[in-house]
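Numbering (this note's numbering), first residue to last: 502 to 837.
Take a look at the structure below.
Have a look at this one:
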């Protein structure tokens with residue numbers, strides 16, 4: 502069977518932070534000298550761009566604008582392009598963030614993590630509770646399509662009361678999108694659309710939706726990952742860029758650290774590992790279109806998943822059940 506081209510997104514990794522948090526497993530590095538913006542910035546239409554890190558908001562508005570302008574000069578972009586940028590509340594300044602928006606950012610992902618001072622201190626965050634609230638209030642005044650707040654739960658020493666207080670404070674700030682929660686969020690009008698994300702209607706993160714729908718994405722910047730479908734070769738490639746900033750920028754050509762082919766036997770697990778993070782129905786036709794495999798190749802694990810009430814099957818869709826979402830790892834291991 503032949504592969505179809507999915508939507509294409511772009512992930513831009515900016516690895517620098519003011520201070521590296523001890524729990525962070527992402528490719529991030531504390532700034533020790535100036536940020537080499539000029540060195541760092543150097544067919545298919547993009548539907549979304551996500552600028553992650555690290556802490557992209559350590560870059561100036563002019564630097565972010567230059568990156569986005571460079572992308573738009575090299576690649577066609579959708580008229581309704583979504584551009585998300587991660588931001589640390591400790592770096593929020595009205596003029597600076599207005600500059601990001603003027604430069605093309607349409608959405609901020611704000612790493613609040615907690616509104617409890619003791620938790621923020623334990624996490625070694627550079628912001629405090631008041632700065633977190635101020636960042637959300639400032640984002641609400643900017644001409645954005647949306648913004649989200651990230652919260653962390655299950656932290657060492659965190660009580661149930663403290664976790665609920667964080668949720669209640671986040672809801673009081675009325676962001677269009679939240680990461681983490683359950684009954685409180687549902688009662689406040691937020692819909693869970695993905696394993697760890699809730700949003701008001703129409704404010705889902707389109708860039709993340711493309712990941713979970715097994716779309717393609719280019720990854721640029723040190724340590725960035727990418728996934729590209731090549732229908733002419735019946736091939737799906739995964740790419741990883743050199744991880745350390747200095748090594749990445751010292752190599753003007755050859756910054757690709759790793760390129761691996763997703764073998765046909767691995768594609769079912771990859772497809773469902775992404776697709777079943779979403780609570781929306783999965784079109785059955787997407788499987789063959791995006792993996793190049795016949796449905797017969799997964800008939801046995803699908804039957805077992807349905808028998809265990811982890812999914813329901815209709816003529817056109819697979820739907821993960823509440824039980825399947827709760828025991829997602831058990832569901833996914835059926836496809837290994």
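Heads up, the beta-carbon is just placed ideally off N, CA and C, and yes, glycines get one too.
What you are looking at is a predicted structure, and each value in this text was computed from that prediction instead of being measured.
Item                                                                                                                            : Value
Pairwise C-alpha distance: residue 656 and residue 565                                                                          : 33 angstroms
Backbone CA spacing between residue 812 and residue 775 [nearest angstrom]                                                      : 15 angstroms
Selected residue, minimal CA-CA separation from residue 580, among 713, 550, 568                                                : 550
Endpoints, the alpha helix (DSSP H) within which residue 672 is located                                                         : 661-673
Three-way DSSP call (helix, strand, coil) for residue 449 in this model                                                         : Since the first residue of the chain shown is 502 and the last is 837, residue 449 is not available in this structure.
Separation of residue 602 from residue 573, as counted between CA atoms                                                         : 16 angstroms
Residue 836 versus residue 761 - alpha carbon distance                                                                          : 20 angstroms
When 736, 608, 743 are compared against residue 790, the one with the closest alpha-carbon                                      : 736
Boundaries (first-last residue) of the alpha helix (DSSP H) holding residue 619                                                 : 618-623
Close beta carbons around residue 578, own chain, < 7 angstroms, minus the five adjacent residues each side                     : 546, 547
Helix, strand or coil at residue 740 according to DSSP, with G and I counted as helix                                           : strand
Interface flag, residue 659 vs chain B, CB-CB below 7 angstroms                                                                 : This model lacks chain B altogether, as it is built from one protein chain only.
Residue range of the unbroken beta strand (DSSP E) whose run includes residue 512                                               : 509-515
Alpha-carbon to alpha-carbon, residue 513 and residue 608                                                                       : 15 angstroms
First through last residue of the beta strand (DSSP E) which encompasses residue 583                                            : 578-588
Counted within 10 angstroms of its Cβ, other Cβ atoms place residue 503 as buried (16 or more) or exposed                       : exposed
Boundaries of the beta strand (DSSP E) in which residue 551 is found, first to last residue                                     : 547-554
Close-in-space but distant-in-sequence residues of the same chain around residue 599 (CB under 7 angstroms, 5 per side omitted) : 643
Whole-number beta carbon distance between residue 722 and residue 515, since they are thought to touch under 8 angstroms        : 6 angstroms
Endpoints, alpha helix (DSSP H) assigned at residue 825                                                                         : 823-827
Alpha-carbon spacing of residue 541 relative to residue 822, whole angstroms                                                    : Note that residue 541 has pLDDT 33, beneath the 50 cutoff, so the model's placement of it is unreliable and the number below is only indicative. Roughly 44 angstroms between the two C-alpha positions.
Integer Cβ distance of residue 678 from residue 704, believed to fall under 8 angstroms                                         : 5 angstroms
Ordered list of alpha helix (DSSP H) runs contained in the stretch 767-811, each at least 4 residues                            : 768-776, 785-792, 800-808
Delimiting residues of the alpha helix (DSSP H) encompassing residue 597                                                        : 595-603
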